[in-house]
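Asker:
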Amino acid sequence: MRINVLQHTPNEGPGSIKEWSTSGGHELYIYHPYQFDGILPTADQTDMLIILGGPMSPNDSNEWILNERKLIQKLLNQNVPIFGACFGAQQIAKTLGYTIGKSPAKEVGWAPVYLKSNAIPDLPKKLVALHWHEEMFEIPEEAELLFSSDLLENQGFVMNHRVIGLQFHFEPQADDVREIVVNDGQYTEGSLLKQSPEDILNYPIPKENREVMFQLLDYITN
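Numbering of the sequence shown is given in UniProt numbering, commencing with residue 1 and proceeding in unit increments.
Quick look at the structure:
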């Protein structure tokens with residue numbers, strides 16, 4: 001299977017998603033449309049699409065952001081598996097015609113999320129995830145609410161056994177968290193989670209996050 005990854009900033013890579021791809025013997029291609037003239041894969045090159053986070057908004061008018069949504073729409077029409085994290089989840093919701101706006105709370109740091117759906121078997125009822133956002137998506141009518149947090153209800157959705165969008169991050173491993181924080185630690189300012197960059201770096205990454213990330217990817221590809 002060819003897995004195409006859309007990465008939107010240098011310090012937010014695929015993390016454990018890459019491990020999942022390697023363990024399954026898949027081919028992973030990483031695109032950087034924000035940097036390389038908007039280069040994107042085509043739909044016929046894509047067996048699975050991963051859309052990662054980034055500092056931009058789906059409401060921005062960059063041509064590559066609009067072209068990403070054209071790709072997402074084609075893949076939705078073809079029932080291709082899609083996973084989106086943060087900006088990626090917002091792009092999916094925006095493609096489906098739903099609003100992306102300011103969250104009632106800026107969340108930056110580690111905080112619990114709570115399972116709201118039984119659509120995916122055997123997921124824990126509560127997990128601690130990395131949050132790095134101040135915008136939010138509307139839950140598409142076609143989808144089911146998957147996760148909520150204490151500060152924000154719309155933290156995740158699942159749709160048609162093929163699409164998952166999460167506002168937060170399960171994918172970062174220790175090196176990934178370090179890369180995020182050393183480059184973007186100032187973003188913690190104004191977060192209602194009130195965690196410093198050092199707090200975030202020192203928090204032990206829950207081992208179950210990698211396991212759940214694998215479960216989510218297995219679910220949309222089986």
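Don't be surprised by glycine CBs; every beta carbon is placed ideally from N, CA and C. Model, not experiment: these values are computed from the prediction.
Can you pull the DSSP bridge partners for Lys126?
Answerer: DSSP lists Tyr114 as partners of Lys126.
Asker: Would you grab the beta carbon distance between Glu19 and Ile180 for me? Rounded to a whole angstrom, and I think it's under 8 Å.
Answerer: With a Cβ gap of about 17 Å, Glu19 and Ile180 do not count as contacting.
Asker: Give the DSSP-derived three-state secondary structure of Gly165 in the structure shown.
Answerer: Gly165: strand per DSSP, three-state reduction.
Asker: Which whole-angstrom value describes the C-beta separation of Leu130 and Phe168, a residue pair presumed to lie in contact below a C-beta threshold of 8 Å?
Answerer: Rounded, the Cβ-Cβ distance is 6 Å, consistent with contact.
Asker: Excluding five sequence neighbours on each side, which residues of the same chain lie with their C-beta closer than 6 Å to the C-beta of Val128?
Answerer: So the qualifying residues of the chain are Trp110, Pro112 and Pro206.
Asker: To the nearest angstrom, report how far apart Asn160 and Leu115 are at their CA atoms.
Answerer: Those two C-alpha atoms are separated by around 18 Å.
Asker: May I have the straight-line CA-CA distance separating Lys94 from Asn62, to the nearest angstrom?
Answerer: Approximately 14 Å, taken between the alpha carbons.
Asker: Within 10 angstroms of the Cβ of Thr188, are there 16 or more other Cβ atoms? Answer buried if so, exposed if not.
Answerer: Buried.
Asker: Taking all protein chains shown into account, do 16 or more other C-beta atoms lie within 10 angstroms of the C-beta of Val182, making it buried, or fewer, making it exposed?
Answerer: Exposed, since its Cβ has fewer than 16 Cβ neighbours within 10 Å.
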